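Asker: Numbering (my numbering), first residue to last: 1242 to 1369. After the structure tokens below, expect a handful of questions from me.
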Amino acid sequence: NNSDGSYPSFRTGNKMMMGKHCILFTIDKLEEDGFIWMGVAKENFYYNTDANPDEDYNSHGYTSVGEILVCGRIKGQGREKVRQGDEVAIVVDFQERSIVWYRNSHPVAFFEGFDGSGLYFSVVMGHK
């Protein structure tokens, strides 16, 4: 976390407007009490300071503790946790309005019916 207790938030530079998009990355380091939110959000996402981004960012994410969070609300719990060394993929389909999260090539979460376009792959990191 930042010195003020806020959570650092990052996004990619490429805006997704239509079609199908995928990002793949490896969790190089995740401490025992570490937390990662991984998903998509609006351009202003880098202003976010919360572990669970709210509706201001049109955020749709999956967390390292196995939750699906949409615009600040829990939409699913009890899914697989993400651990250090895991490979994570996020697939966004604007035609189907769906997002699928993969852990080590296996689907772990799915959300259908997101709103908007002009979204970016985004990440929040910190300690809970």
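From the three backbone atoms N, C-alpha and C, an ideal C-beta is built for every residue, glycine too. These numbers were taken from a predicted model, which means no experiment stands behind them.
1. Would you please state the rounded distance, in angstroms, between the beta carbons of F1187 and H1368? I believe it to be under 8 Å.
2. Reducing DSSP to helix, strand and coil, say where F1335 ends up.
3. Under 8 Å by Cβ, that's how I've got W1278 and T1253 pegged, so tell me the actual separation to the nearest angstrom.
4. From which residue to which residue does the beta strand (DSSP E) around I1268 run?
5. Could you pull the start and end residues of the beta strand (DSSP E) that R1314 belongs to?
6. Name the DSSP bridge partner or partners of A1350?
7. By DSSP, does E1230 sit in helix, in strand, or in coil?
8. How close, in whole Å, do the beta carbons of A1282 and G1317 come, if the pair is a contact with beta carbons under 8 Å?
9. Can you tell me which of H1262, N1293, G1260, C1263 puts its alpha carbon nearest to the alpha carbon of S1250?
10. With which residues is Y1238 paired in a DSSP beta bridge?
Answerer: Once the coordinates are examined:
1. The structure shown does not extend to residue 1187, since the chain spans only 1242 to 1369, so no value can be given for it.
2. Secondary structure of F1335 (DSSP, three-state): coil.
3. Actually they are not in contact, since the Cβ atoms of W1278 and T1253 sit about 15 Å apart, beyond 8 Å.
4. Segment: none, I1268 is in no beta strand (DSSP E) and carries neither H nor E.
5. 1314-1317 is the span of the beta strand (DSSP E), which, as asked, contains R1314.
6. According to DSSP, which records beta bridges pairwise, A1350 is partnered with W1342.
7. One cannot answer for residue 1230 here, as it falls past the ends of the chain, which runs 1242 to 1369.
8. Their Cβ separation, rounded to whole angstroms, is 18 Å, which puts A1282 and G1317 out of contact at 8 Å.
9. Nearest option by C-alpha distance: N1293.
10. Residue 1238 is absent from the structure shown; the chain starts at 1242 and stops at 1369.
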